[in-house]
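The numbers in UniProt numbering rise by one with no breaks, and the one at position 173 of the sequence shown is 173. For every residue, glycine included, the Cβ atom is placed at its ideal position computed from N, Cα and C. The structure displayed is predicted, hence computed values, not measured ones. To keep things clear, I will list the structure first and then write my remarks on it.
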Amino acid sequence: MHRQRIASVDHSDDDSDWRQSDWATQGDDAWFWQLIRGRRSVRRYLPEPVEKALLEKLLTAAVWAPSAHNRQPWRFCVVTSDPVKQDLSDRMGARWRADLSADGVDEAIIERRVRISHARITGAPALVAASLSLEGMDDYPDRRRQEAEWLMAVQSTALACQNLLLAAHNYGLAACWMCAPLFVPDLVRDVLDLPQSWHPQALITLGYAAEEKHRERLPLAERVTWR
1 MHRQRIASVD
11 HSDDDSDWRQ
21 SDWATQGDDA
31 WFWQLIRGRR
41 SVRRYLPEPV
51 EKALLEKLLT
61 AAVWAPSAHN
71 RQPWRFCVVT
81 SDPVKQDLSD
91 RMGARWRADL
101 SADGVDEAII
111 ERRVRISHAR
121 ITGAPALVAA
131 SLSLEGMDDY
141 PDRRRQEAEW
151 LMAVQSTALA
161 CQNLLLAAHN
171 YGLAACWMCA
181 PLFVPDLVRD
191 VLDLPQSWHP
201 QALITLGYAA
211 EEKHRERLPL
221 AERVTWR
């Protein structure tokens, strides 16, 4: 049991539906809602390293996610090497800088965005690059069904990442999901020396939080329809 490890989060200023629901804050399942609601996307970390054994626990939680056909298409690469993080950030930043410049974004804004991104990646004690592989997934002769199969793999990998994020919070770690690899999959594959069959989907930064984050959620009624 690791419920006591979940960091408490002050929701006193949260006016969402959740705060108004007694079942979300009281009773035997309060720990569960604390886990769900307490998770935040944190981008600044303490320099303390994350133990390999703890990272393995997070990855174990990840691979117990449901997946299409139970084919488990997720693939993970863990990065703790500072030179690799530096190289990945430098090359991703260069590509992003070129894209933003082509979009006509002001140079000062470009440099600020790239600098912030660089700090987030290199400042994280650990990174988890999440990819998917179509090996083992069904193969169809037509584009419509093949695209659906691809989306099944994407969804399966996202579910695994959510498990990882919740496990991180459970063990007192902070994390942030970054989608940048979607824009530069070949670059990520090259820097991390990943197989060609791996399709990078996300970069998750991990560490012990150096900041607190508080975010609200929109009212449930604005996002749910009942039939």
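From the options, residue whose alpha carbon lies closest to that of residue i
i	options	result
D75	R44, S197, L166, R143	Per the sequence shown, the amino acid found at residue 75 is Arg instead of Asp. Of the listed residues, the one whose Cα sits closest to R75 is S197.
E211	D138, G123, A108	G123
L182	E56, A98, L132	L132
I121	D87, I36, A68	D87
A61	P200, L159, R44	L159
C179	T157, L194, N170	T157
I117	A126, M137, S89	This sequence places Ser at residue 117; Ile is not what is there. Closest by alpha carbon: S89.
K85	L203, W33, A53	L203
Q155	A68, A53, Y45, D99	A68
L59	V224, L206, I110	L206
Residue span of the alpha helix (DSSP H) that contains residue i, given as start and end
i	result
S131	Looking at the DSSP string, S131 is not in any alpha helix (DSSP H); the run it does join, the beta strand (DSSP E), is 126-132.
Q146	143-170
G93	82-102
W33	30-38
T225	Where T225 is concerned, there is no enclosing alpha helix (DSSP H), given that its DSSP letter is neither H nor E.
L46	Here L46 belongs to no alpha helix (DSSP H), and DSSP marks it neither H nor E.
Whole-Å CB distance - residue i paired with residue j, under 8 angstroms assumed
i	j	result
C77	A129	4 angstroms
W64	N163	6 angstroms
R39	L166	6 angstroms
V79	L192	7 angstroms
E149	D138	5 angstroms
Delimiting residues of the beta strand (DSSP E) encompassing residue i
i	result
R75	74-79
A174	174-178
G207	199-207
Span separating the alpha-carbon of residue i from that of residue j
i	j	result
L173	A209	7 angstroms
V105	R91	19 angstroms
A175	D82	18 angstroms
A7	R37	In this predicted model, A7 has a pLDDT of only 46, less than 50, meaning its place in the structure is not dependable; the value taken from the coordinates is given anyway. One C-alpha to the other measures close to 11 angstroms.
Q72	E135	10 angstroms
P141	D190	30 angstroms
K57	W96	33 angstroms
P185	Q201	8 angstroms
V188	L218	34 angstroms
residue 244	Y45	The chain is shown only over 1 to 227; residue 244 falls outside these bounds and no answer can be derived.
G170	A53	For the sequence presented, residue 170 should be read as Asn rather than Gly. Cα-Cα distance, rounded: 15 angstroms.
G93	P47	22 angstroms
A119	H199	25 angstroms
A168	L35	10 angstroms
K213	V114	22 angstroms
G27	R112	46 angstroms
A108	A98	13 angstroms
R227	P195	45 angstroms
R215	T225	23 angstroms
R223	R145	29 angstroms
Cutoff 7 angstroms; reference residue i; Cβ partners in own chain excluding five residues on either side
i	result
W177	S41, C161, L165, A202, I204
L55	V78, A126
P66	L159
Contacts around residue i, its chain only, beta-carbon distance under 6 angstroms, and the 5 residues preceding and following it disregarded
i	result
L100	I110
A102	none
L151	none
Spatial neighbours of residue i in its chain, beta-carbon cut-off 8 angstroms, leaving aside the 5 residues before and after
i	result
D13	Below a pLDDT of 50, predicted positions are generally treated as unreliable, and D13, at 47, falls in that range; no measurement from the model is reported.
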